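**Student:** My questions will all concern the structure given below.
Residue numbers (the UniProt record's numbering): 1 to 602.
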């Protein structure tokens, strides 16, 4: 009964599959149906394998009890029916396999058609894109023209502003030039006054230097006065430095007007360096003069020491004479002897002192000779410095001449600048008139542009609205097409995967079918070999064992039942001639039944 139910289920599923294949057009429904079929075929195969196992078990059993002979015969009948059912299942499976192959081919054709449709959709998308881009380009052309006009207008504005700024800068530069010229003139006047004062001071310094030379030759004491004169010269040199600084500032002012003043700056810097060198030399001379003063004081001190020592020598000589007289007077007395001995000792000490004094005197004479040589070197350096001062004086005169020439050049340049000022004023007047005309043209152009812009804005707004609508429509179409494409692609991928899985399942099912065919052939061969001999015996069923009742009510009991189970369970009905019929109600519980016969079966 179980086999009949499974066969019925399989037949119903195959019929439903065939009808669904005819009706259903969507690929997803087909794939679902194929999955259901696959599950059902798997169940059927499991049932077939279970029944084959039962067949093998039944074939091995040969010895039963007395009542089991009839069951053997019935089992053989069941085996034959099962073999027939298996053959039918094989045929159905082969038919299903062919149908699946046809379905796979149909799905592949659908796949090719859908790929073609996707290609067509892609081409349509590209065409729509091109149309959309062309429309956008057409819209952008008037916008670009408007932007160009706007940029040109802004450039004109910036040019007018730059012209006005340049005019203001020219006026400011002219004012600055005039102020600088006034300052230069004042500085030149001050320079002339300072140069006159310097000339006077230089003449005085020359006279002082000449007088100092004479005084140095005559007296050493007048050497200090000469040093004072040199200090005065140093102060004059500081004033010259200040004038040089003024020259430097003047040269900076004139550098903007003429490039020739650069040479003057370089010369001034050289002169400043020379002045610095001379100042260093003067400082070194002052140091040497101070050292010479100290040496003169030492010489004076030595002279005083000489005089004192000469007086002491005279006193000693007088003492010696007095002692000689005393020696003559007291030749015979012992006391005179002792005194003479003392005097002799003192004389010896005085002799030693005189020798030391003479040695010291010789050393002092050597030092005096060295000092004289050093003084001669100092005088030579002084002469060199005087020569350098004379050369500096000549250079300053040349510099004055160059400054005068530069002043003349500056005056000429001032005249040229005045001419340029007049020309620039004329140009400014002309430019102002031109600017007035440009401003009038500008106002007219602005009015025209305003009118054109209003008209153009109205037109562009309309065009933009239309374009926005078209763009929205195209975007919607695009999104719809993309969604469809994505869904189609996903479906195609799923189908490919399922087709591949189905192909694998078909291969596995083919293998199982082949193995089942082999088993069926083996079993049929075994059945052909077995010879069964049936013996006719009149036999009846006495009763049914109460071990497995149908339900709590025990409808099926030792009495042979003639009705149905109250709980809708399956029950057995015994008819005439010992025929047993199983009354099926496939809802409740199905149980085994044990019969007892009147005569045993061997």
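Positions of the beta carbon are idealized from the N, C-alpha and C atoms, including for glycine.
In this text the structure is predicted, and so the values were computed from the model without any measurement.
How is residue 168 classed by DSSP in three states: helix, strand or coil?
**Tutor:** The answer is helix: DSSP assigns residue 168 an H, G or I state.
**Student:** Could you check if residue 502 is buried or exposed, using at least 16 other CB atoms within 10 Å of its CB as the buried criterion?
**Tutor:** Buried.
**Student:** Only counting the same chain, and skipping five residues up and downstream in sequence, which positions put a Cβ closer than 7 Å to that of residue 352?
**Tutor:** Hits under 7 Å: none found.
**Student:** How many Å lie between residue 494 and residue 123 at the Cα?
**Tutor:** Their backbone Cα atoms lie some 25 Å apart in a straight line.
**Student:** How many angstroms separate the CA atom of residue 450 from the CA atom of residue 461?
**Tutor:** Going from the Cα of residue 450 to the Cα of residue 461 covers about 16 Å.
**Student:** Does DSSP put residue 405 in a helix, in a strand, or in coil?
**Tutor:** Helix, per DSSP.
**Student:** May I have the straight-line CA-CA distance separating residue 433 from residue 440, to the nearest angstrom?
**Tutor:** If you take the alpha carbons of residue 433 and residue 440, they lie about 11 Å apart.
**Student:** Assign residue 552 to one of three DSSP states: helix, strand, or coil.
**Tutor:** Residue state, collapsed to three classes: coil.
**Student:** Report the three-state DSSP secondary structure of residue 109 (helix, strand or coil).
**Tutor:** Looking at residue 109 - three-state DSSP - the assignment turns out to be helix.
**Student:** What does the alpha-carbon distance come out to for the pair residue 403 and residue 410?
**Tutor:** Rounded to whole angstroms, residue 403 to residue 410 spans 10 Å at the Cα level.
**Student:** Which whole-angstrom value is the C-beta distance of residue 118 and residue 488, which I expect to be below 8 Å?
**Tutor:** About 6 Å; that satisfies the 8 Å criterion.
**Student:** How big is the Cα-Cα spacing for residue 367 and residue 391?
**Tutor:** Distance between the alpha carbons of residue 367 and residue 391: 36 Å.
**Student:** Could you check what DSSP says for residue 474 in three-state terms: helix, strand or coil?
**Tutor:** Helix.
**Student:** Would residue 481 and residue 121 be called neighbours here (beta carbons separated by less than 7 Å)?
**Tutor:** For residue 481 and residue 121, yes; Cβs fall inside 7 Å.
**Student:** If we ignore side chains and look at the alpha-carbon of each, how far apart do residue 497 and residue 459 end up?
**Tutor:** When rounded, the distance between both Cα atoms is 56 Å.
**Student:** Among 387, 526, 102 and 400, which has the Cα closest to the Cα of residue 189?
**Tutor:** It is 400 whose Cα lies nearest to the Cα of residue 189.
**Student:** By the three-class DSSP mapping on this structure, what secondary structure does residue 65 have?
**Tutor:** Low confidence applies here, because residue 65 scores a pLDDT of 40, under 50, leaving its location unreliable; read the following figure in that light. In the structure shown, residue 65 sits in coil (DSSP, three-state: anything other than H, G, I, E or B).
**Student:** Where does residue 383 sit, in a helix, a strand or coil, going by DSSP?
**Tutor:** In the structure shown, residue 383 sits in a helix (DSSP, three-state: H, G or I).
**Student:** Just the Cα atoms here: how many angstroms apart are residue 513 and residue 565?
**Tutor:** Each residue's alpha carbon lies about 40 Å from the other.
**Student:** Quick check on residue 449: does DSSP put it in helix, strand or coil?
**Tutor:** Helix at residue 449.
**Student:** Classify residue 412 as buried or exposed, calling it buried when 16 or more other Cβ atoms lie within 10 Å of its own Cβ.
**Tutor:** With fewer than 16 Cβ atoms within 10 Å of its Cβ, residue 412 is classed as exposed.
**Student:** Mapping the DSSP letters down to three states, classify residue 566 as helix, strand or coil.
**Tutor:** DSSP places residue 566 in coil when its eight states are reduced to three.
**Student:** Assign residue 363 to buried or exposed, taking buried as 16 or more other Cβ atoms, counted over all protein chains shown, within 10 Å of its Cβ.
**Tutor:** The residue is exposed, with fewer than 16 neighbouring Cβ atoms inside 10 Å.
**Student:** So, at 8 Å on beta carbons, what are the nonlocal neighbours of residue 518 in its own chain, with the 5 sequence-adjacent residues on each side left out?
**Tutor:** Contacts found: none.
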